[in-house]
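Data first, discussion second: the structure below is written as structure tokens.
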Amino acid sequence: MTVKLVLVTTTILALLILEKKFPFFAFQNSLRSRIANNFGLGAINSIVSSLFTLEIAHLDIMPPIDRGLIATIQSPVVAGILSFLIIDLYMYFWHRSMHIVPLAWRFHHLHHTDRSMNVSTAYRFHPIEIICSSIPKLSLIWLLGISSDFVLIYELIFTVIVALHHSNVAIPASIDRILARAIVTPNYHRIHHSQVVTETNSNYGSVFTWWDRIFHTQTDRLDIINIKLGVLDN
Ligand SMILES: [Zn+2]
110 MTVKLVLVTT TILALLILEK KFPFFAFQNS LRSRIANNFG LGAINSIVSS
160 LFTLEIAHLD IMPPIDRGLI ATIQSPVVAG ILSFLIIDLY MYFWHRSMHI
210 VPLAWRFHHL HHTDRSMNVS TAYRFHPIEI ICSSIPKLSL IWLLGISSDF
260 VLIYELIFTV IVALHHSNVA IPASIDRILA RAIVTPNYHR IHHSQVVTET
310 NSNYGSVFTW WDRIFHTQTD RLDIINIKLG VLDN
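Under our numbering, the first residue of the sequence shown carries the number 110, and numbering increases by one thereafter.
Here it is as structure tokens:
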């Protein structure tokens, strides 16, 4: 918990400084109040999510299992890589379902209403979405016997990548493009936050971009600077 808190704080501070020094979009609207609201939501969500996870542990409805697919793999390296890929693939499908299922979109919609996307947007989620996403994720981790160490490694990397790809930091387009062959970059994710529906409903990846390529949900465009962020009805 302490490691994650230190990493989150350091990442946020570093990106806030970089956004100020090297901004991609020149936002004119009330960025400060947006940032305060988003971080406020993030704080509420982290408390809600911790309490929810603690409650599940307290109820002891998920006793440790040692016969899941991952738990039976002898090599920790193979088990770690597989765990990482499985959790990231789950995140891909979860995110995609948030866009496809109308009721789910009503909650995920909040995340997309930010028209001045910046590092704080990474924390702008409806608490109901945070709780609902935990249930299948915890169940999958439990069923496969994924160790808490592997979950923590995923969460630490996820935290940094998600904060980075929501940030308003201007990374040179050529570098962004090379990185986007493997990981979700700011330009790659800006397309997902476009007001154009076909673009919003694409680029669902959280850490790896491979899932979008495998499942044909990847969209590309070169004029990222012309993207209008947000959703049309907000
Ligand atoms: Zn989305």
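Beta carbons are placed, not taken as given, at the ideal position from N, Cα and C, and that holds for glycine. Because the structure is a prediction, the values reported are computed rather than measured.
Where residue i sits in the DSSP three-state scheme
i    : result
F317 : strand
P132 : strand
V117 : helix
V340 : coil
I182 : coil
V293 : coil
V278 : strand
S158 : helix
S303 : strand
N147 : helix
H208 : helix
R330 : coil
S142 : helix
G189 : helix
N335 : helix
Distance between residue j and residue i (C-alpha atoms, nearest Å)
i    : j    : result
V316 : I266 : 8 Å
V293 : I237 : 25 Å
S184 : L160 : 33 Å
S158 : H221 : 21 Å
L140 : T268 : 22 Å
V210 : S256 : 31 Å
Q304 : L219 : 13 Å
F202 : A291 : 18 Å
I334 : A213 : 29 Å
A231 : S192 : 23 Å
N312 : D321 : 6 Å
Among the options, nearest to residue i - alpha-carbon criterion
i    : options                   : result
L62  : F202, I179, L140 and E128 : Residue coverage of the chain in this structure runs from 110 to 343, which leaves residue 62 outside it and unanswerable.
L273 : L125, K113, T111 and V112 : L125
Y199 : L249, N312 and T119       : L249
K130 : K337, D329 and N277       : N277
D329 : V157, A282, H220 and L341 : A282
T326 : V187, H235, R205 and I336 : R205
G339 : H298, E264 and G177       : H298
I270 : L191, D258 and N296       : N296
I144 : D223, L261 and W319       : D223
A152 : I323, F234, C241 and W320 : F234
A279 : V117, A123 and E128       : E128
M226 : R286, N147, L247 and N154 : N147
G189 : H301, S243 and I262       : I262
T318 : I239, L194 and M207       : L194
S337 : I284, T118, L150 and H301 : With the sequence shown as reference, residue 337 is identified as Lys, and Ser is not the correct amino acid for it. The option with the nearest alpha carbon to K337 is H301.
Interface flag, residue i vs chain C, CB-CB below 8 Å
i    : result
F317 : Structure shown: chain C not included; a single protein chain is present.
Which ranges does the alpha helix (DSSP H) cover as unbroken runs of at least 4 residues, wholly within the stretch 216-270, from first to last along the chain? 236-253
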